[in-house]
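Residue numbers (this note's numbering), protein chains in the order written: chain A, 5 to 323; chain B, 3 to 532. The beta-carbon is built from N, C-alpha and C at its ideal position, and this holds for glycine as well. Computed from a predicted model, the values in this text were never measured in an experiment.
Here you go:
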C-alpha cells in the first residue's frame, strides 16, 4: 500500500500536469482565435503597409506574394502552427525582423513596469485593506476603505495624466527637474500601483473582517490576546489565498494591460507593441504576443495555485 | 467622505517628490542635447523599406539625396548629384555625382553606391513599402563611371526627380546595407547627412549625433554645420499629454499639437507656434459613385454645398488651417487649383436635391419618388481630427434631410476593410506628397485607392499622360489643371481643410524650418538662441 503522503504527492503532480495541459489548450484556442479574428477584423495588411499612397495594384500584388499573404488561409494557419512547434513565431510584415526578437526587446520594460506596479499595488492594497478592516469603526478605517474604492473606480489614464500634471507643476515651481520621475519608471509604477491596489485592498478587507469575527479569534481574545500584530497575522492568514490568486490575475492583467500607462508616459513596452501590431495589421507580432501572454497567464495561475496551497494546508488535503 | 479622499493623495506625492528632489535636482545645462518629439512610433524606420512619414523627421538629416527640392522656390537643386539630364524619350536619366563625399562609416560615395541603394530598394525580398513605388517603372541602374550613373525606365515617369529628392531614396552606405541586411539595417543606418545615426530603441528613442566631417551641404541648407551636437527623438503618441510634455520640459519641439493647446502654449511666452503646411491632399471625403444616391453628381454636389467648411475649420481647427480648395492643397499646388470652388450654399443644395428627385417631406426628410428616405453612411478614420470633422459633416447632411450613419475606423486596416465592403457613401482618406501624381492612385479607374469607384477614360488618360510627360512641365501643369477641374465638376470629393502640422518649439531654439514635404525639419539649421 502506498503511504498517504506519496498519494498526496502523486495527486499533486497529476494536478499540475492537468493544469499545464489546460494551459496549453487555452493557449492553442487563444492563438487560433487571434489568427482568424485579426484577419477578419483588420483585413488585408498590404493596404496598411502601402498606406502612404502611390503604389500600383501590381506592386501591391507583388508585395502580397512576397509576404506569403496570397496563400490560402488554412495553409497560412498550418505554417504558423508548424512554426510554433519549432519555436518560430515568424517575421514582422513591416521589418522582416523575427517576432521573438521584437517581443524580447520590449519585454524588459513591461516586466519592470508590471512588477513594480504589482509590488506597489500589493503593498498599498495590504496597507489600505488591513487599515480598513482593523480600524473599521475609526475614521482612518473608513478613509482607507473609501480610498480603495476610489482606486478601483478611477481609470488609469486619469490618474496617470493627473500625476504627470502634478509633477510638471512641481517641476516648474522648484528649481529642480522632476522629469526623471516620469522616465525612471517610479511615477508609472506608482500610478499602476494605485489602480491595482483597490481590488486587493477590498479582498483583504472583507477576508479580514470575516476572520476577525470568527470563533478562533474570539477565543484567542477571550484568552487574553491583545489586538496587536500577532493577532493580525493569525487573522490575516486565512484571508491570504484569495489575495494571492487575485495578485496573479492582476499580474497577468498588468503584463498585457500596461498599454495606457505606456502610452501616457511614453514608455516602450508590449502593450503599445500589441496595440500597434493590431491596428497596422502586423499579424505575426500580435499572434506572437498572444502566445507569450497565454504562456504567462498559465504560469502565473499555476504559480498562484502552488503558493495558495503552501499558505493554506486545507487546499493541499483536498487535492 | 470623499473630500478627505481628495486631500489625501497629494501630500504623499509631494513628500515623495520633495525627498527625491533633495537628492537629484538637475541643473539647467546650456549644452544639453535637443529633444525632438515624434507623435507616433513607426513599425520600422528603414526609409528604403518602411513608409511612415514620422521616420523622415530624424532621418532626413542622416541621409543626403541625389537632388533636393527647395522648400522656398519649389525647384530641384543639386545634392549628391551635381547635374542631371533626361533623354529625349524620357526613359534615361543620367546623373553626375559628387566625388568628395564619404559616408559616416568612411565608405566613399560613388555611382556603385547609388546602384547598390536602388537594388536594395527594388529587391522583392525586402518588401519595400514606399521607396519602390516612388521609383515607378524603373528597370535598371547602370554605373557608367565612378561619378556617372544612369537610371533606365520602362516608360517616361515625370515624378522621378521628386522621388529622388525624398528621404525614402536617401543614399545609404552600401557596406552597411550589405553587412546588416534588410531586417537589421534599420538599427545601424549610415548615410552622408549632417547627422550620424547613433541608436534606435523601438518605442523608446532614436539618437543622432552631429557628423563633424560634413562638408557637402546642399544649397537649401542655410547653415553649413549643425548647431546641436546631439538630438534625441522620443515618442509622444498620446495627444492629451503632448502639451504637458512640453511644459514639463520633457521635450523641446513637438508637432501635431491640438489647436487649443498650441494657442495656449504659444501665448505663454515660453514657446512659439509653427504652423507647417503639409502639401498633398487635404482632409477629405471621397464619394462612392457606385452606390445610390451618391452615384448622382447632383446629389454629390448638393452634399458638398450643404457643408459649411469654414465653420468646420473654425470649430475643429480654431482657424489654424486653411479651408481646402480642391483635391490638392494650396501649399505646393496652388497653381493647379481654380479659385471658383463649391461654396456653402444650402439653397443650391436643396435645389439640386429636388432636381435629382429627392423631395423633403413634412418632417424635412429627403425622400425619392418611391418614398424611400435618403440614407448615407460615412466612414472616417480615427486619426487626425477625422472623427470630429465627420461628426460635423454628418450634422450638416442631416440638416439637409438625410439619415446619416457615421462609422469610425480605428486604423488603416479596418478602414480598408470597411471600404472593401462597399457599404458607404463617403469615406475619409488622404495622402501627402510634393508631386501631383498622388492623384493617380485615387482617381484613375484601376488605381489602388480608387475608393470613389469612379471610372472615366478622359480622367484616366490625362492623369496617366501627366505622369509621363516628363519633358514638358507646361503640358504637365495643363493636364493636372484639367484633371482637377474634372474631379471638381464631378464632385468626387468633399475637401475640408489643407493639412497644417502645428509644431510647438521652446523659445530657446532658433532656426526651425521645414523641408518641402512639410514634416521634416532641417535639423542642421537648429541652434540655441543664447
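*Measuring CB to CB, does residue 410 of chain B end up less than 7 Å from residue 384 of chain B?*
yes
_Residue-chain proximity (residue 268 of chain A, chain B), Cβ-Cβ < 7 Å_ = yes
*If residue 278 of chain B sits next to residue 505 of chain B, beta carbons under 8 Å apart, how far is it from one beta carbon to the other, in whole angstroms?*
6 Å
*Of the choices B:60, B:495, B:476 and B:351, whose alpha-carbon is the least far from that of residue 170 of chain B?*
B:60
*asked:* Can you check whether the C-beta of residue 134 of chain A is within less than 7 Å of a C-beta belonging to chain B?
replied: Output row for residue 134 of chain A: interface = no.
*Touching by the beta-carbon criterion (3+ pairs, under 8 Å), the stretch 214-222 of chain A and the stretch 253-267 of chain A*: no
*With a cut-off of 7 Å, does the C-beta of residue 199 of chain A fall near any C-beta of chain B?*
no
*Using a beta-carbon distance below 7 Å, is residue 205 of chain A in contact with chain B?*
no
*Figure out for me which residue from A:275, A:288, A:290 and A:248 has the closest Cα to the Cα of residue 306 of chain A.*
A:248
_Neighbour list for residue 165 of chain A in chain B, Cβ cutoff strictly below 9 Å_ = Residues of chain B whose Cβ lies closer than 9 Å to the Cβ of residue 165 of chain A are, in chain order, 240, 242, 243 and 246.
*Buried/exposed call for residue 77 of chain A, threshold 16 Cβ in 10 Å*: exposed
*asked:* Rounded to the nearest angstrom, what separates residue 178 of chain B and residue 17 of chain A at their Cα positions?
replied: 53 Å
*Please determine, among A:304, A:102 and A:128, the residue with the shortest C-alpha to C-alpha distance to residue 206 of chain A.*
A:128
*May I ask you to verify whether the stretch 51-70 of chain B touches the stretch 505-515 of chain B, counting CB pairs closer than 8 Å and requiring at least 3?*
Contact fails: fewer than three Cβ-Cβ distances are below 8 Å.
*I think residue 237 of chain B touches residue 43 of chain B, with their Cβ atoms under 8 Å apart; what is that distance to the nearest whole Å?*
4 Å
*Identify every residue that forms a DSSP beta bridge with residue 276 of chain B.*
Beta-bridge pairing links residue 276 of chain B to B:505.
*State the Cα-Cα distance for the pair residue 172 of chain A and residue 250 of chain B, rounded to the nearest angstrom.*
5 Å
_For residue 219 of chain A, the three-state DSSP class (helix, strand or coil)_ = For residue 219 of chain A, the secondary structure class from DSSP, reduced to helix, strand or coil, is helix.
*asked:* Runs of 3 residues minimum, wholly inside the stretch 19-98 of chain A: which ones carry the beta strand (DSSP E) assignment?
replied: none
*asked:* Can you find the residues in the same chain that come closer than 6 Å, C-beta to C-beta, to residue 244 of chain B, ignoring five residues on each side of it along the sequence?
replied: 238, 256 and 259
*Residue range of the alpha helix (DSSP H) that residue 267 of chain A falls in?*
263-268
*Per DSSP, which residues does residue 97 of chain B bridge with? Please list them.*
B:86 and B:151
*Starting from residue 466 of chain B and walking both ways along the alpha helix (DSSP H), at which residues does that stretch end?*
459-470
*So residue 67 of chain A and residue 53 of chain A are in contact, right, with Cβ under 8 Å, and what is the actual spacing, rounded?*
7 Å
*Which residues in chain B sit within 9 Å of residue 74 of chain A, going by Cβ to Cβ distance?*
Ordered by position in chain B, no residue passes the 9 Å Cβ test against residue 74 of chain A, which lies about 13 Å from the chain.
*Got a sec: which bits of the stretch 126-137 of chain B sit with their beta carbon under 7 Å from any beta carbon on chain A, in order along the chain?*
126, 127, 129, 131, 132, 134, 135 and 136
*Kindly list the residues whose CB is nearer than 6 Å to the CB of residue 104 of chain A, restricted to its own chain and excluding five residues on each side of it in sequence; keep chain order.*
93
*Measure the beta-carbon distance from residue 453 of chain B to residue 421 of chain B and round it to whole angstroms, keeping in mind my assumption that it falls under 8 Å.*
5 Å
*Could you please tell me which residues of the stretch 74-99 of chain A, in chain order, have their CB closer than 8 Å to any CB of chain B?*
95, 96, 97, 98 and 99
*With 16 other CB atoms within 10 Å as the buried threshold, where does residue 2 of chain A fall?*
Look at the range of chain A in this structure, 5 to 323, and you will see that residue 2 of chain A is not part of it.
*May I ask you to verify whether the stretch 224-240 of chain A touches the stretch 153-164 of chain A, counting CB pairs closer than 8 Å and requiring at least 3?*
These segments do not touch.
*asked:* So residue 133 of chain A and residue 208 of chain A are supposed to be a Cβ contact under 8 Å. How far apart are they, rounded?
replied: Correct: roughly 3 Å between the Cβ atoms.
*What's the C-alpha gap between residue 179 of chain A and residue 170 of chain A?*
In this prediction, residue 179 of chain A scores a pLDDT of 49, lower than 50, which makes its location untrustworthy; no coordinate-derived value is stated.
_Quick check: what's the CA-CA separation for residue 123 of chain B versus residue 197 of chain B?_
22 Å
*On the three-state DSSP scale, how would you describe residue 480 of chain B?*
helix
*Would you say residue 87 of chain A and residue 155 of chain A are within 7 Å of each other, going by their C-beta atoms?*
no
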